[in-house]
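Student: This structure is in structure tokens; I'll ask about it shortly.
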Amino acid sequence: MLRDKYFTAIYEHTLEIANTTGRISGTNFWAFGGEGRPKNKGGEWWKKGDDLIGDPPHERQGWYSVYNTDFTTKSLMLKY
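Just so you know, we're using our numbering here: the sequence shown kicks off at 205 and counts up by one.
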């Protein structure tokens, strides 16, 4: 999954910096959408009544969210 490759690269880079300099504040992903889902898979802007999944209303919904069913991504986050 492309998202897992991206997070692996970010976490590995962060770990490298922490091991080299001894300093790091941490990492974070954009948003945890949990059980919420965007109404349109293409990602429309948020409208009243839509699930709140972490994306700001002026951005396409669901593009950056991690969901409760993203098991490989959640496992990767726990690893680091």
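The C-beta atom is built at its ideal place from N, Cα and C for all residues, glycine as well. Predicted model, so just to flag it, every value in this text is computed and none were measured.
Could you compute how far the alpha carbon of HIS217 sits from the alpha carbon of ASP259?
Tutor: In the sequence shown, residue 217 corresponds to position 13, counting from 1. In the sequence shown, residue 259 corresponds to position 55, counting from 1. Rounded to the nearest angstrom, the two C-alpha atoms are 25 Å apart.
Student: Hey, quick one: how far does the alpha helix (DSSP H) through TYR271 stretch, first residue to last?
Tutor: By one-based count along the sequence shown, residue 271 stands at place 67. Premise fails: TYR271 lies in the beta strand (DSSP E), 269-271, not in any alpha helix (DSSP H).
Student: With DSSP collapsed to three states, give me the class of PHE233.
Tutor: Along the sequence shown, read from residue 1 onward, the residue named residue 233 stands at position 29. Coil.
Student: Apart from the five residues just before and just after ILE175, which ones in its own chain have a Cβ nearer than 8 Å to its Cβ?
Tutor: The question about residue 175 has no answer here: the residues shown for the chain are numbered 205 through 284.
Student: Check whether the segment 274-282 and the segment 241-252 are in contact - that is, three or more C-beta pairs closer than 8 Å.
Tutor: At 8 Å Cβ cutoff, the stretches do not touch.
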